[in-house]
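Under my numbering, the residues of the sequence shown are numbered -10 to 534, in order.
First up is the structure itself, then whatever we jot down about it.
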Amino acid sequence: MNSFLNLFARHSRTSWRVSRIWKNSKRYGTNPPRGRSKEGAFRSTRAAAMIRSGHPTHNSMSEADIRAERIKKLALLKKAGMESYPSDSHRDVTNADVRDSFETLEKSGKKIHVGGRIMSLRGQGGIVFADMFDGTARLQAVFQKADMDEKSFELFSNAADIGDFIEVMGTAFKTKRGEPSVKVEKWRMLSKSLLPIPAERFGLKDEEKRLREREIDILTNPETRAIFERKARFWQSARDFYRARGFLEVETPVLETTPGGADARPFITHHNALDIDVYMRISCGELWQKRLLIAGYPKVFEIGRIFRNEGQSREHLQDYTQLESYEAFSDAKAGMKFVQELYRYIAKEVYGKYTFEVGGHTVDFADDWKRIDFCESLEKEFGINPLSCSEKEAIQAVRDAKIEYGEALNKARAVDHLWKNLRKKISGPAFLTGIPVYLEPLAKRSSENPETVERIQVLIAGSEVGKGYSELNDPLDQRARFEEQQKLRDKGDEEAQRLDLDYVRAMEYGMPPAFGFGVSERLFAFLENKPAHETQIFPLLRPRQ
-10 MNSFLNLFAR HSRTSWRVSR IWKNSKRYGT NPPRGRSKEG AFRSTRAAAM
40 IRSGHPTHNS MSEADIRAER IKKLALLKKA GMESYPSDSH RDVTNADVRD
90 SFETLEKSGK KIHVGGRIMS LRGQGGIVFA DMFDGTARLQ AVFQKADMDE
140 KSFELFSNAA DIGDFIEVMG TAFKTKRGEP SVKVEKWRML SKSLLPIPAE
190 RFGLKDEEKR LREREIDILT NPETRAIFER KARFWQSARD FYRARGFLEV
240 ETPVLETTPG GADARPFITH HNALDIDVYM RISCGELWQK RLLIAGYPKV
290 FEIGRIFRNE GQSREHLQDY TQLESYEAFS DAKAGMKFVQ ELYRYIAKEV
340 YGKYTFEVGG HTVDFADDWK RIDFCESLEK EFGINPLSCS EKEAIQAVRD
390 AKIEYGEALN KARAVDHLWK NLRKKISGPA FLTGIPVYLE PLAKRSSENP
440 ETVERIQVLI AGSEVGKGYS ELNDPLDQRA RFEEQQKLRD KGDEEAQRLD
490 LDYVRAMEYG MPPAFGFGVS ERLFAFLENK PAHETQIFPL LRPRQ
């Protein structure tokens, strides 16, 4: 059994600086040389035996055998009058608090109640050391037969296992080696574990098992735990950025009668009370948020879940978190400065740096972001002008480039396929501009070239990681574009947008010029340089067979 203490102490020097918990791990850590042992760090040798004398080690037992043995211990606890799963806890101080106030507690001799999950055990004869982790810090509990009731000591020796949640009552003291500890006078079980947790030095290696049993992955893998702490800070820093600039956080419907705001295939469900089919949203309230601009709110944003019934890949999931914001009296030109500031703020707040290695690309957010023209890039790479080429020419260019495509391939989809193939070469960060109007039904036409729209896409490591545009606020133009999208749907393009008459009607009351922007948790996955499913805490998997 490798020491949970050692594992946390090692990792606390690196990525666990991001939270108080892991700062505590660093502050309170011990990291003895390999092959030696401290009271607070248990050696992973059979000689440093499990205190359950006479019981076979876990290495020689199957999971089913271990579970059966532990179920027997439930009866042992019951016979001794101890509950295995009590509803209450007498804990009056956290492990981190004990460490923070250790000198005072040690001098006072005050009785304290602490607890946590047993992560390692070591002992022989009349003394046992248990390393407890309660989510704030780790703390060593020392059980000595001479300091406690003999039956209570024997019960712990025979019934406690790594993985159990326990509570102890005792006093703070330091061992001969100076390890802050609790001298146990009484103990009780809070939750008896039936399945063994993997040794910390190995963790879960099978990828599917790690994703399916994420709770154990997080418990035994410090890097996994650190990822989700950084993810929390990622979204918190985004919120802080927007709130500091006067944006109002709003909530918009997840169930819609007309899905809108993106080119995507929605999930469909049934509303029993209304007896109608409804769609799970494919954008984070884009059309709803723009209706709030019409209502008079000048700056709004939302961070929420969206759902797209499409394929899975390293970058794409079907349900994920997205941020969308809308600012009245702004446009895409001003929006580029805003977006650069947002990305730099998040990078600095969460990671303390601006430069990242992402999928073989070096990305430096502190650099000036390049502007890349959509039409010029495609013409240079594929020899076609997206504005003037015919549908037949666009489709042929896709075939010539040997790009995979679906059955419903029209000019818009063909040009989009060409661009997605080309962008793989761009490290970024950069802004893509000059997108044809037929690719964006919700953006305002460019005053310089009405065949294009004032849309920007953030390009990072060969992919789109954020999109914004000057919002279309002409209701007649909007209706015409929706009708063109409907024609594409009628021809089999399931991702084309639907006509939302309620939104068009709202626009006719008058909508201010505005800049809208959206970015999903894909940005976080890119900054982590990991597949999207690795950065979701509980990704969707097929049920166990």
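For every residue, glycine included, the Cβ atom is placed at its ideal position computed from N, Cα and C.
Computed from a predicted model, the values in this text were never measured in an experiment.
Among D150, K400, L367 and I424, which residue has its Cα nearest to the Cα of R414?
Note that residue 414 corresponds to Lys in the displayed sequence, not to Arg. With distances taken between Cα atoms, K414 lies closest to L367.
message = Quick check: what's the CA-CA separation for K519 versus G300?
response = Just so you know, the alpha carbons of K519 and G300 end up roughly 18 Å apart.
Can you round the beta-carbon distance between I107 and D89 to whole angstroms, since I take them to be within the 8 Å contact cut?
Cβ atoms of I107 and D89 stay farther apart than 8 Å, at about 22 Å.
Quick one: grab the DSSP three-state call for V239.
-> Residue state, collapsed to three classes: coil.
Practice problem: Report the partner residues of I392 according to the DSSP bridge assignment. | Solution: Answer by DSSP bridge pairing: none, since I392 is not bridged.
* Asked: Just the Cα atoms here: how many angstroms apart are S146 and D136?
  -> Cα to Cα, S146 sits roughly 15 Å from D136.
Practice item. Let me know the secondary structure DSSP gives V82 once reduced to three states. Key: V82 sits in coil when the DSSP states are folded into three classes, being neither helix nor strand.
**Item:** Assigned secondary structure, A450 (DSSP; H/G/I helix, E/B strand, else coil)
**Value:** Three-state DSSP puts A450 in coil, outside helix and strand.
- Report the three-state DSSP secondary structure of Y309 (helix, strand or coil). In this structure, Y309 counts as strand in the three-state DSSP scheme.
Quiz item: Is it buried or exposed for Y609, if we count other Cβ within 10 angstroms and need 16 for buried?
Solution: As shown, the chain starts at -10 and ends at 534. That puts residue 609 outside it, with no answer to give.
Review point. Where does the unbroken alpha helix (DSSP H) through H406 begin, and where does it stop?
Key: Here the alpha helix (DSSP H) through H406 covers K400 to L411.
- Apart from the five residues just before and just after G159, which ones in its own chain have a Cβ nearer than 6 Å to its Cβ? Non-local beta-carbon contacts of G159 in its own chain, meaning distances under 6 Å to residues more than five positions away in sequence, involve V171, K172, V173 and E174 in chain order.
Can you list, in chain order, the residues of its chain with a C-beta nearer than 7 Å to that of Y286? Leave out the 5 residues immediately preceding and following it. Within the same chain, Y286 has close Cβ partners L237.
- Query: How should K326 be labelled, buried or exposed, when 16 other C-beta atoms within 10 angstroms of its C-beta is the threshold for buried?
  - Reply: Classification for K326: exposed.
query = Taking the runs of the beta strand (DSSP E) that are 3 residues or longer, which of them lie wholly in the region 145 to 187?
reply = Annotation note: the region 145 to 187 contains the following uninterrupted beta strand (DSSP E) runs of length 3 or greater, listed N- to C-terminal: 154 to 163 and 169 to 180.
Practice problem: Determine the contact status of L529 and Q307, defining contact as a CB-CB distance below 8 Å. | Solution: Yes; because the gap between Cβ atoms is below 8 Å, this pair is in contact.
Looking at C-alpha atoms only, which residue of S459, R270, I207 and G105 is the closest neighbour of G152? Looking at the Cα atoms, G105 is the closest of the given residues.
| In this structure, does DSSP put N247 in helix, strand or coil? | Reading off the sequence, residue 247 comes out as Thr, not Asn. Residue state, collapsed to three classes: coil.
* **Beta-bridge partners of Q129, as assigned by DSSP** => Beta-bridge annotation (DSSP): Q129 is paired with D120 and S170.
Endpoints, beta strand (DSSP E) assigned at D266 = Segment I265 to M269, the beta strand (DSSP E) holding D266.
Open item on the list: Give me the DSSP bridge partner(s) of V289.
Closed with: DSSP, once it has assigned bridges, lists L237 and Y315 as partnering V289.
query = Could you give the distance in angstroms between the alpha-carbon of E497 and the alpha-carbon of T241?
reply = Just so you know, the alpha carbons of E497 and T241 end up roughly 21 Å apart.
Residues bridged to L110 [DSSP beta-bridge criterion]
Partner(s): A119.
Discussion item. Helix, strand or coil for S535? Go by DSSP, reduced to three states.
Written reply: Missing from the structure shown is residue 535; the chain here goes from -10 to 534 and no further.
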